[in-house]
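First to last, the protein sequences are chains X and Z. Per this note's numbering, the very first residue in the first sequence carries number 1485; after that it's consecutive. Per this note's numbering, the very first residue in the second sequence carries number 3; after that it's consecutive. All residues carry an ideal CB built from backbone N, CA and C; glycine is no exception.
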Amino acid sequence: MEWETVIGLEIHAQLATRSKIFSGSATAYGAPPNAQTDLIDLAYPGVLPVLNGEAVRMAVKFGLAINARVMRRSIFARKNYFYPDLPKGYQISQFELPIVCGGAVDIVLEDGSSKRIGVTRAHLEEDAGKSLHEGLAGLTGVDLNRAGTPLIEIVSEPHLRSAREAVAYLKKVHTLVRYLAICDGNMQEGSFRCDANVSVRVKRTEKFGTRAEIKNLNSFRFVEKAINFEVARQIEVLEGGGKVVQETRLYDSDRGETRSMRSKEEANDYRYFPDPDLLPLEIDQVYIDTVAGTLPELPDQKAQRFIQDYGLSAYDAGVLTASAEFADYYELVVQELTRPPLVIPAAPKLAANTVTGELSGLLNRDGVEIGESRVNALDLAGLLKRVADNTISGKIAKDVLEVMWNEGAQADAIIEARGLRQITDESAIERAIDAVMAANPGQLADYRGGKEKLFGFFVGQVMKATAGKANPARLNELLKKKLGG
Amino acid sequence: MTALHELTVAELSKALRTRTVSSVELVRALLARIEQHQQGLNAFITVLREEALAEAARADARLAAGDEGAVIGVPIAHKDIFCTRGQKTTCGSRMLANFVSPYDATVVERLRAAGVVTLGKTNMDEFAMGSSNETSYFGPVRNPWDPARVPGGSSGGSAAAVAARLAPAATATDTGGSIRQPAALCGVTGLKPTYGRVSRFGMIAFASSLDQGGLITRSAEDSALLLGMMAGFDERDSTSVQLTVPDYCATLEQPLKGLKIGLLKEFFDEGLDSESAQRIRDGLEVLREQGATLKEVSLPNLPLSVPTYYVVAPAECSSNLARFDGVRYGYRCENPRDLLDLYQRSRGEGFGAEVKRRIMTGTYVLSAGYYDAYYLKAQRVRALISADFERAFHEIDVLIGPTTPTPAFEIGAKTADPVTMYLNDIYTIGANLAGLPAISVPCGLVRGLPVGLQIIGPHFSESRLFNVAHRYQLETDWHRRAPPGFA
């Protein structure tokens, strides 16, 4: 039997407001437990919520960025359930009338084609606090610092067909909220997290299978692993003649598996109803237009511009625009390389290769964000200028970049200090070739006898002899001539 | 000279500013009276003796310094549903029997700033759920007109205290009649303002879309004076309205000539006690003599107000009272085994029977599968009732009818059957569902017990209500009559 995976994601993005959605408490992460709570967060008798206008503005921004309908009228509703980290006994959310309806996000698939993922809705709500079970001698502690932090919950259509697609979509939304500066995107701190609704069905059939909702996914890697695990589990159940039950499952990242948390029967009846403490949220076109005027260039628009203005491939443009900081860094490098009177025809491509290649490698290796890169854009451009003017080869440039990264020095200083200037002097290269030929008579004979593959061997030997500094183009030219006899 | 406890707020305001009496003297006299009658009436849950005297001394200093505020030094009582900083705020419940509020409700804060002195916190039905004050964890309040009878509820303590001349005025709240019904049963003036006129911040919520803070006083004039101090937009309450507060006292005496009064047909039904009905007709005659015209109007959906209310109010209360979970403040059961046990026993032991009944009713009507049939339908009927009122106000200026079907009933008479108890609010609930202002004024006695006449107006027509009630009180002296033994 051939199976098809169907996935929908519910993304929770904490909005980067300074104060909470219904109270004046600060939202900063990492304060001592309950230091950022006031009487409203603690749900004291008699207190009332007052909506934070900044949270509304951010939700509207998101709606506009995904071409959704921003609703003129939306309603806050109470989601009722008891839990110690939910002080009021209900969470203020939006149910029937959310602030954002519809919209879509385009993702690029592995084969380079793109796919449009529909967004059902995005609504405003408050986050809950946290229950702490460790270090309290069998007791449970409650930290309400997070309680009341504004969230938008972004609900996708079940348009995703693999874990990879789900991750691509999640990354795209992640990129988007950071471009919009409405969420810091910090997954470790829980600012950006998601639940995945996963089901499988027989390929080329219409009807959705029974889905399981996987909670607690707070890294891209976990999303992929959890979905893959869950898909395999469901297929195994179905192929074994069993039935998938509708339930909530928890992803255990230590064991790499999903576990049943509660079944549909055990699910809460949340008894949603409109919150009588908050009036319907009404916004007009003038407000929406004003917010629209504050939208930055969005990732798709930026990528399109990179393709057009810099002649980049769609792939490179996509990688470079994954974050606004990354794109800005790249553009700064290009700007520096094309500053008159400098003429470097391939500057955008050269910069793109280095930024997406070597620089990204170093960033990933050390787990550093582009904003904290140890080589800044101007210094990187300084290095690439030396490649462009043939002072060093591309290969040497990689080594120089590594030194720049580790020691913080500038490219020119490193090239001088380590004598890395390229050898372009033909006589010097010829001398090195002669020496290599003399030292390897066997290989020379074989080459001349038709084993042309040995050409690479000679290139390597000469490079070794010149400590990699021979100009590669010159070397190739001269070597060919000499080996040919 | 009239005894100090007999003076109205308006009279006290004059006496204090002319230094005929000091606030400290006045507070002392009232505290003594409260003490004298506390056992008999049980009108107070907390008496703030030391605090009141200190506040009175500060008020006297303000007055001595030439401060002109109209109510500086006037003592009042607060219903124990309003949070008062540093003081017990119990809401009539075991759940909050030892709860000390860390903040002042907006109403309390504004009245404090205006210079009033707080004598204490008045008794009430638990979480304002009740029409007789019998659901209070602190015991029932007795009606000063007959101690065997209820004072009405939920603001029974406030009504009894004002009727018994223990305080010239008291704050109160009204969700389905909780100001007007006890005011009627105790022979005092009770105002429920328009929904949104008075901030609900710091007023412990029962049913948020219906709750409104107001006043129990001995005259409409006093109510007008005090409402001016406590009303107005509050940025901490999103449902409070951004409208300027008019000078309610300035229009009190306008003549009533041309006033179009609507007689609510549905209110003069078979449930209305015939003698009470006669007192209402007598009252209407007084207004007619002043030039008002009467016209019978019908609000066909109004008879649905009680069942509608008993879906909407419990629904909201079931959610509003979820915060009382024994985790952060208030009652917590002994030695909970686990979280569920903590919840179940803290709430089971902390809440009384009526509160639990309403939480369960409310939970039921909001449940999956029942929401549409109950909650949603009730909201639709609520809209129809509002529309009925709106239509009526195109033709008439105010609606007049009885406040309650009968005068005060005996303690224990209706506790066995909640529905009979609920029907006591049949004439008052409509104004809450529609968010309208309404005032109850004493209009006579039946078998020695007070009867209340209710005036309902369009949204934000408090000035008009005060005007009609005040003109009525200029022509009658029912509001000046003290219960026997309390003069």
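Beta-bridge pairing of residue i - partner residues as DSSP gives them
i                  : result
Trp1487 of chain X : X:Val1686
Pro404 of chain Z  : Z:Leu455
Cys1667 of chain X : In the DSSP output, where bridge partners are listed per residue, Cys1667 of chain X has none listed.
Leu266 of chain Z  : Z:Val299
Pro1758 of chain X : X:Ala1561
Burial state of residue i, where buried means 16 or more other Cβ atoms lie within 10 Å
i                  : result
Thr20 of chain Z   : exposed
Ser180 of chain Z  : buried
Asp249 of chain Z  : exposed
Leu1962 of chain X : buried
Thr422 of chain Z  : exposed
His396 of chain Z  : exposed
Leu1862 of chain X : exposed
Ser1911 of chain X : exposed
Pro1780 of chain X : exposed
Val1803 of chain X : buried
Proximal residues to residue i (C-beta, below 8 angstroms), its chain only, five neighbours per side dropped
i                  : result
Tyr105 of chain Z  : Cys85, Arg87 and Gly204
Trp480 of chain Z  : Gly189, Val443, Pro444, Cys445, Gly446, Leu447 and Pro452
Glu1610 of chain X : Lys1504, Ile1505, Phe1506, Gln1575, Ile1576, Ser1577, Ala1631, Gly1632, Thr1633, Pro1634 and Leu1635
CB contact check: residue i to chain Z, cutoff 8 angstroms
i                  : result
Lys1572 of chain X : yes
Arg1557 of chain X : no
Arg1562 of chain X : yes
Val1534 of chain X : yes
Leu1526 of chain X : yes
Phe1566 of chain X : yes
Pro1634 of chain X : no
Pro1529 of chain X : yes
Leu1523 of chain X : yes
Short CB-CB distance (under 8 angstroms) between residue i and chain X
i                 : result
Val329 of chain Z : yes
Pro248 of chain Z : no
Asp239 of chain Z : yes
Arg87 of chain Z  : no
Pro444 of chain Z : no
Tyr197 of chain Z : no
Thr365 of chain Z : yes
Pro257 of chain Z : no
Tyr377 of chain Z : yes
Ile206 of chain Z : yes
Tyr345 of chain Z : yes
Tyr311 of chain Z : no
Range covered by the beta strand (DSSP E) that runs through residue i
i                  : result
Asp176 of chain Z  : Ala171 to Asp176
His1607 of chain X : Ser1598 to Glu1610
Pro1634 of chain X : Pro1634 to Ser1640
Tyr1735 of chain X : Glu1731 to Asp1736
Close-in-space but distant-in-sequence residues of the same chain around residue i (CB under 7 angstroms, 5 per side omitted)
i                  : result
Lys1614 of chain X : Asp1569, Asp1627 and Arg1630
Pro305 of chain Z  : Glu268
Ser1509 of chain X : Ser1503, Gln1520, Thr1521, Asp1522, Asp1525 and Gly1632
Ser465 of chain Z  : Pro248, Tyr250 and Thr253
Gly1587 of chain X : Gly1547, Ile1550, Asn1551, Ala1552 and Val1603
Leu274 of chain Z  : Pro404 and Pro407
Glu1936 of chain X : none
Start-to-end residues for the alpha helix (DSSP H) that takes in residue i
i                  : result
Cys188 of chain Z  : Arg182 to Cys188
Asn1564 of chain X : Segment Phe1560 to Asn1564 is the beta strand (DSSP E) holding Asn1564 of chain X; no alpha helix (DSSP H) there.
Ala56 of chain Z   : Arg51 to Ala66
Lys1948 of chain X : Phe1939 to Ala1949
Asp127 of chain Z  : Here Asp127 of chain Z belongs to no alpha helix (DSSP H), and DSSP marks it neither H nor E.
His39 of chain Z   : Ser25 to Leu43
Pro77 of chain Z   : Run containing Pro77 of chain Z: none in the alpha helix (DSSP H); it sits in the beta strand (DSSP E), Pro77 to Lys81.
Tyr1771 of chain X : Gln1769 to Ala1776
Met231 of chain Z  : Ala222 to Met232
Close beta carbons around residue i, own chain, < 6 angstroms, minus the five adjacent residues each side
i                  : result
Ala1929 of chain X : none
Ile428 of chain Z  : Val308
Phe235 of chain Z  : Ser242 and Gln244
Ala163 of chain Z  : Ala45, Ala79, Thr124, Ala169 and Ala172
Contacting positions in the stretch 1739 to 1766 of chain X - beta carbon closer than 7 angstroms to chain C: Reference to chain C is not applicable here, since the protein chains of this structure are X and Z.
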